[in-house]
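>
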Amino acid sequence: MMGTALLRNKICLLRGGIFPIIRPSSSRALGSSAASSSSSSSSSSSSSSSRVVVVGGEEGGGGPPLLPPPPADGIAFDDLPWNLNLPEEHSYVHITTTPEKGWTIEHYDPSDDSGTLLDRDSMRPYSDAPMNLRPSTTSLNYGTTVWEGLACRRSPSSGRAMLLRPDLNYSRFARGATAMCLPVPSYELFMRGLQEVLRENGRLIPPSPDLDPNTGVPMGGARLYVRPMLFGSGQQLGLHVSPEASLVYFVSPTGSYFKGKVSGGLKLHLERRRSRAARGGTGNVKCCGNYAFYRGGRMGARRTTPRTPSAMMKCDGFAPARPDAKAKGFDDNLYLELDTYHNPPRDGSSSSRLRGAILQELSAANVFLVLRTGEIVTPSLKRGTILPGVTRDTVLTLAREFADELRPIVATSIRLAGGTDADDVGLTITERDVCVADLLDAVEVFVTGTAAEVVPVQSVGTSATPPEDLDGDTEEESLYVKFPHGESSAGPVTAKLLDMLREVLAEQRSSEATKDWLRDVYSSPEDFRRGGPR
Numbered sequence: 004m005m006g007t008a009l010l011r012n013k014i015c016l017l018r019g020g021i022f023p024i025i026r027p028s029s030s031r032a033l034g035s036s037a038a039s040s041s042s043s044s045s046s047s048s049s050s051s052s053s054r055v056v057v058v059g060g061e062e063g064g065g066g067p068p069l070l071p072p073p074p075a076d077g078i079a080f081d082d083l084p085w086n087l088n089l090p091e092e093h094s095y096v097h098i099t100t101t102p103e104k105g106w107t108i109e110h111y112d113p114s115d116d117s118g119t120l121l122d123r124d125s126m127r128p129y130s131d132a133p134m135n136l137r138p139s140t141t142s143l144n145y146g147t148t149v150w151e152g153l154a155c156r157r158s159p160s161s162g163r164a165m166l167l168r169p170d171l172n173y174s175r176f177a178r179g180a181t182a183m184c185l186p187v188p189s190y191e192l193f194m195r196g197l198q199e200v201l202r203e204n205g206r207l208i209p210p211s212p213d214l215d216p217n218t219g220v221p222m223g224g225a226r227l228y229v230r231p232m233l234f235g236s237g238q239q240l241g242l243h244v245s246p247e248a249s250l251v252y253f254v255s256p257t258g259s260y261f262k263g264k265v266s267g268g269l270k271l272h273l274e275r276r277r278s279r280a281a282r283g284g285t286g287n288v289k290c291c292g293n294y295a296f297y298r299g300g301r302m303g304a305r306r307t308t309p310r311t312p313s314a315m316m317k318c319d320g321f322a323p324a325r326p327d328a329k330a331k332g333f334d335d336n337l338y339l340e341l342d343t344y345h346n347p348p349r350d351g352s353s354s355s356r357l358r359g360a361i362l363q364e365l366s367a368a369n370v371f372l373v374l375r376t377g378e379i380v381t382p383s384l385k386r387g388t389i390l391p392g393v394t395r396d397t398v399l400t401l402a403r404e405f406a407d408e409l410r411p412i413v414a415t416s417i418r419l420a421g422g423t424d425a426d427d428v429g430l431t432i433t434e435r436d437v438c439v440a441d442l443l444d445a446v447e448v449f450v451t452g453t454a455a456e457v458v459p460v461q462s463v464g465t466s467a468t469p470p471e472d473l474d475g476d477t478e479e480e481s482l483y484v485k486f487p488h489g490e491s492s493a494g495p496v497t498a499k500l501l502d503m504l505r506e507v508l509a510e511q512r513s514s515e516a517t518k519d520w521l522r523d524v525y526s527s528p529e530d531f532r533r534g535g536p537r
């Protein structure tokens, strides 16, 4: 197996900006460079021999950029679900630290980012080398885990393997580590880990997406998802800082998070009983506990029968929310700032308790509204309850940077929704408190995320059917909003912003604000981490 063969090979180190990676010559070896494939095919080698692949271009920055190896044969990348796929083909990175040794790896020097993480202790085959965690591991007991999610894609323009704005991921990762009382790895170490785990699994990077024959814009496609994790791996009992922490990177080739929903939008449940996050909590931190909540419960459904003792012993996590939500016609929750729902303002500013409540986000995506006034708005981060999404920031920047291009698209959306004075409407891009009442004025709603990209929403409601189809909600106020765009296809603004994002990913769109967004995984470490964290 690839992982076993990798562990049998010694690591050859070259300190400095370029370094070689030794690969087994087996046809199943992942991560071998396309640049070496022609030479290796002309020479015979035994199963125990190795070849050296130089990553990062020629010394001094000369030579053409190196490309990733071709995608592995026999994988239907376009059919992959959003899940852990092909774990037997992965290798993952695992690095530990303690207060005594710091971030010290045998063959890597974090002080000058030299050496490699590709040794038997740091790079491990996913299926053959599970992590050794004890029952007293601090993250298992106290939830001290933060993580990030990034998507690696092949550019249809150059064939290069690209990551979008990993510097933003590092900044959020570092803030989360501080919040969880975990040691913060250096920017150089974080970025090196991304590079090496992606190159080690280079043949799992899916093919470049097809281009729309009419517009030339990439049409989605699969991606190699990479997840950096940092968690307390030390052993202790009690609320203390973990004596050890582990930094782990693993990958999975995946499809879209909301597969098939770009053409037909999401149906969102307006959650009135459960809070995703409260002010002063961890809503703006990408920690594991925020997502554990999503998997439990029944999305606000009333219990019609009493719970028996045996039923009470069952964890709701084993009857997860999402299948139940789909049975009820929903795709996800849209959460509220529950204090603004249960404790509305006393000044009479809203005649409806529900309509005056403030929106947060979905379980794993940020939300945007396109209003009839020409405003593109998303909930503000100032309350500290919303995750500062990388795709959220990217879409906001694109909307502002290309506002002149977007303005007539907004007018078209409003006109198609019945707006008579659409041509007189301006365009504003805003971050502010967004109320439920704003949904009533929206011509389009869409959500953003690394896994989701940009996905339209067709309806938001306390129930999945229009009011005339309901028996009534006597316990609480009900609401159902179906938007003019999003049911059968994305609205004009949603579609345009998705095209803009995909054009950036395909190296087809750039500006002064976006020119440093894409990082080439097969470039030198210095170029990959250029600019530093934000």
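End of the sequence shown sits at 537 in my numbering; the numbers just go up one at a time, nothing left out. Ideal Cβ positions, reconstructed from N, Cα and C, are used throughout, including at glycine.
Taking the beta carbon of A295 as the centre, do at least 16 other beta carbons fall within 10 Å, making it buried, or is it exposed?
So A295 counts as exposed.
> Please report the distance separating the alpha-carbon of E515 from that of L504.
Going by the C-alpha atoms only, they are around 15 Å apart.
> Measure the Cβ-Cβ separation of C155 and L166 and say whether it is below 9 Å.
Cβ distance < 9 Å, so C155 and L166 count as in contact.
> For L365, which beta-bridge partners are listed by DSSP?
L337.
> Could you give the residue range of the beta strand (DSSP E) that holds P133?
Neither: P133 is in no beta strand (DSSP E) and is coded neither H nor E.
> Let me check one thing: in DSSP terms, what residues is S462 bridge-paired to?
DSSP output for S462 lists K270, K485 as bridge partner(s).
> Report yes if the C-beta of Y294 is less than 8 Å from at least one heavy atom of the ligand SAH; otherwise report no.
Ligands are entirely absent from the displayed structure, and the ligand SAH is therefore not among its contents.
> Please name the residue in I412, R282, G292 whose C-alpha comes closest to that of I389.
When each option's Cα is compared against that of I389, the closest is R282.
> In terms of DSSP beta bridges, what is V149 paired with?
Beta-bridge pairing links V149 to L233, C290.
> Write down every uninterrupted run of the beta strand (DSSP E) in the region 169-238 whose length is 3 residues or greater and which is fully enclosed by it, in chain order.
Listed in chain order, they are 226-235.
> Can you tell me which of the three DSSP states Y344 falls into?
In this structure, Y344 counts as helix in the three-state DSSP scheme.
> Let me know the secondary structure DSSP gives R358 once reduced to three states.
Note: R358 maps to coil in three-state DSSP.
> For L424, count neighbouring Cβ atoms within 10 angstroms of its own Cβ and tell me buried if that reaches 16, exposed if not.
Going by the sequence as given, residue 424 is Asp instead of Leu. Exposed is the call here.
> So A420 packs on V460, CB below 8 Å; how close in whole Å?
Their Cβ separation, rounded to whole angstroms, is 14 Å, which puts A420 and V460 out of contact at 8 Å.
> In whole angstroms, what separates the C-alpha of F176 from that of G535?
Spanning the two alpha carbons is a distance of roughly 14 Å.
> Leaving aside the five residues before and after T433 along the sequence, list all residues of the same chain whose C-beta is less than 6 Å from its C-beta, in chain order.
Once the five neighbours on either side are set aside, the close Cβ partners of T433 are E378, V380.
> If you reduce the DSSP assignment to three classes, tell me which class S50 lands in.
At S50 the pLDDT is 29, less than 50, meaning the model places this residue with poor confidence and gives no usable figure here.
> Using alpha carbons as the reference points, say which of P169, G286, P133 lies closest to V229.
Comparing Cα positions, the closest option is P169.
> Taking just the CA atoms, how far does G452 sit from T397?
Near 10 Å, if we compare the C-alpha coordinates of G452 and T397.
> Since I believe L357 is in contact with Y344 (beta carbons under 8 Å), could you give me their beta-carbon distance rounded to a whole number of angstroms?
Between L357 and Y344 the Cβ distance is about 7 Å, and since that is below 8 Å, they are a contact.
> Looking at V524 and L201, is the spacing between their C-beta atoms short of 9 Å?
Contact: yes.
> Alpha carbons only, please: which of F80, K385, D335, A440 is nearest the one belonging to A368?
Cα-wise, what sits closest to A368 is D335.
> Relative to the alpha-carbon of K485, which residue among D116, F405, D115, L273 has its alpha-carbon at the smallest distance?
That would be L273, whose Cα lies nearest to the Cα of K485.
> Helix, strand or coil for I108? Go by DSSP, reduced to three states.
I108 falls in the strand class under three-state DSSP.
> Looking at the structure shown, is R157 part of a helix, part of a strand, or coil, going by DSSP?
In the structure shown, R157 sits in a strand (DSSP, three-state: E or B).
> Please classify N217 as buried or exposed, where buried requires at least 16 other C-beta atoms within 10 Å of its C-beta.
The residue in question, N217, is exposed, as its Cβ has fewer than 16 Cβ neighbours within 10 Å.
> To the nearest angstrom, report how far apart Q511 and R532 are at their CA atoms.
Using only the alpha carbons, I get a separation of about 22 Å.
> Quick one: using the 10 Å Cβ neighbour count with 16 as the cut-off for buried, is L341 buried or exposed?
Looking at its Cβ environment, which holds 16 or more other Cβ atoms inside 10 Å, L341 is buried.
> In chain order, what residues of the same chain lie with their CB nearer than 6 Å to the CB of I412, ignoring the 5 residues before and after it?
Hits under 6 Å: P495, V496, K499.
> May I ask you to list the residues that DSSP assigns as paired with P382?
R435, per the DSSP bridge assignment.
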